[in-house]
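A short write-up of the structure that comes next.
Residue numbers (our numbering): 4 to 425.
Structure follows, in structure tokens:
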């Protein structure tokens with residue numbers, strides 16, 4: 004208690020710096036993943052991807068990031084076991100984002116799309132198990148999170164597979180794919196608006212004081228879906244059949260229609276990513292702020308300060324703008340060849356999985372989810388469409404991430420304990 008009172012301001016400043024650094028790493032590595040399909044399919048340029056990410060990552064983090072942040076703050080460790088030594092929780096929650104941020108910087112430098120969720124959960128479990136006690140870790144919750152890392156890519160891959168099969172059956176395999184694309188793509192746009200709005204209204208906006216019933220949320224989501232659809236229809240009117248381009252590539256005009264749809268799915272993915280992954284950066288920061296401001300008490304429930312979400316959202320945007328281009332190519336072009344129609348199926352499947360998970364409070368890995376979705380689209384075209392060497396490299400980088408985050412976190416935990424402890 005005395006240590007916390009003595010160094011209160013120092014702890015909060017360090018928490019802000021490390022939280023921002025971790026958010027920067029999320030932006031550089033993970034947002035590049037989220038935008039990779041859109042850029043890789045040439046539906047949008049890198050500059051457009053950055054503008055979309057700035058707006059929608061920020062909105063997702065601020066409006067719908069509260070649920071998952073609660074899990075990262077207090078779901079992984081049992082706070083009751085540290086009520087006598089709250090400074091240990093502070094040291095650990097400072098060490099975790101610093102450790103995860105450094106690992107993300109290394110991974111981004113090499114262009115590896117690693118999981119920021121793996122990084123931070125590994126870091127928190129590492130310091131808690133070694134620095135405090137094995138009992139301090141809520142293993143049941145960790146098991147649930149670990150299971151979601153397997154379930155989420157499978158779920159996203161399955162949704163992507165069937166979404167792309169529906170595109171093939173309704174549009175690509177018909178006599179006049181272009182006319183069918185204009186007919187059916189607005190319904191996919193409605194789906195994008197509806198899914199994102201539904202989860203945000205049901206789960207995401209509680210911390211800003213908006214509580215809607217299931218029926219109210221459904222009605223509002225249908226309205227938002229209809230608005231998205233109407234905007235899409237207006238944009239589609241400008242797209243005309245290009246007979247010359249169609250001679251070179253049969254689906255050239257069709258892919259232009261899907262290019263418009265990809266603008267919407269890119270926004271959806273950015274929003275979904277911001278809502279889930281801001282927690283990785285600011286969850287530990289929120290825990291430190293909560294303990295310091297309460298004078299050392301570890302509350303089971305604490306209010307998430309708005310400025311914490313804003314700091315996380317700002318860090319994510321800064322990371323993407325400054326260093327995001329490194330990873331964007333890996334997901335967008337190297338796993339399988341993406342066109343707008345394929346990219347749409349992968350992005351919408353991943354976004355749907357992520358927003359549903361962030362609504363339920365599970366910090367799933369956006370990277371796993373998106374790679375699962377891209378693999379699903381590739382499988383819909385046959386296993387030969389996948390670059391298995393790149394897939395192996397990605398899987399290996401995922402396996403290294405957990406122990407790397409844990410080892411660095413344990414090191415920084417004992418350094419902080421040595422500097423500030425008695």
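Just so you know, even glycine gets a beta-carbon here, dropped at the ideal spot from N, CA and C.
- For the pair residue 88 and residue 143, the Cα-to-Cα distance works out to about 23 Å.
- Under the 8 Å Cβ criterion, the region 26 to 35 counts as touching the region 99 to 108, having at least three qualifying pairs.
- For the 9 Å CB-CB criterion, residue 284 and residue 100 form a contact.
- Taking a C-beta distance under 9 Å as the contact criterion, residue 21 and residue 146 do not qualify as a contact pair.
- For residue 122, the uninterrupted alpha helix (DSSP H) run begins and ends at 119 to 130, by DSSP.
- Taking a 10 Å sphere around the C-beta of residue 240, we find fewer than 16 other C-beta atoms and assign the residue as exposed.
- Of the candidates 217, 322, 204 and 267, the residue whose Cα lies closest to the Cα of residue 233 is 267.
- According to DSSP, residue 140 shares a beta bridge with 80.
- Check the Cα spacing between residue 289 and each of 48, 272 and 310: the tightest is with 310.
- In chain order, 289 and 292 place their CB closer than 8 Å to the CB of residue 308, counting only its own chain and leaving out the 5 sequence neighbours on each side.
- Rounded to whole angstroms, the separation of the alpha carbons of residue 408 and residue 226 is 43 Å.
- The Cβ atoms of residue 63 and residue 255 lie no closer than 9 Å to each other.
- Here residue 420 carries a helix assignment [DSSP, helix/strand/coil].
- With respect to the 9 Å criterion, residue 294 and residue 140 are not classified as neighbours on the basis of their beta carbons.
- Non-local C-beta neighbours of residue 375 in its own chain, meaning closer than 6 Å and more than five positions away in sequence, comprise 156, 159 and 160, ordered along the chain.
- Per DSSP, reduced to three states, the secondary structure at residue 280 is helical.
- If you look at residue 229, you'll find it in the alpha helix (DSSP H) that goes 217 to 239.
- Contact check for residue 60 and residue 316: beta-carbon distance about 7 Å, within the 8 Å limit, so the pair qualifies.
- Measuring C-alpha to C-alpha distances from residue 331 to each of 152, 40 and 216 identifies 40 as the nearest.
- Under the DSSP assignment, residue 309 falls in the alpha helix (DSSP H) whose first and last residues are 309 to 326.
- By the criterion of a C-beta distance shorter than 7 Å, residue 163 is surrounded in its chain by 348, 349, 352, 376, 379 and 380, once the five residues flanking it on both sides are discounted.
- Leaving aside the five residues that flank residue 175 on each side, the residues in its chain whose CB is nearer than 8 Å to its CB run, in chain order, 254, 257 and 344.
- When DSSP states are grouped into helix, strand and coil, residue 179 belongs to the coil group.
- For residue 184, same chain residues with a beta-carbon under 6 Å away, outside a window of 5 residues either side, are 174, 257 and 260 in chain order.
- For residue 29, no alpha helix (DSSP H) segment is defined, and its DSSP state is neither H nor E.
- Looking only at 181, 197 and 53, the smallest Cα-Cα distance to residue 355 is reached by 197.
- Residue state for residue 390 is assigned as coil, using DSSP reduced to three classes.
- When DSSP states are grouped into helix, strand and coil, residue 244 belongs to the coil group.
- The beta carbon of residue 11 sits closer than 7 Å to those of 295, all from its chain and outside the five residues before and after it, given in chain order.
- Ranked by how close their Cα comes to the Cα of residue 358, the residues 321, 400, 149 and 270 have 270 in first place.
- Residue burial is scored here from C-beta neighbours: residue 195 has at least 16 other C-beta atoms within 10 angstroms and is therefore classed as buried.
- Counting other Cβ atoms within 10 Å of its Cβ, residue 217 stays below 16 and is therefore classed as exposed.
- For residue 10, the secondary structure class from DSSP, reduced to helix, strand or coil, is coil.
- When secondary structure is reduced to three states using DSSP, residue 45 falls in the coil class, being assigned neither helix nor strand.
- By the 16-neighbour rule on beta-carbons within 10 angstroms, residue 281 is buried.
- Residues 27 and 30 of the same chain have their beta carbon placed closer than 7 Å to that of residue 321, with the five preceding and five following residues left out of the count.
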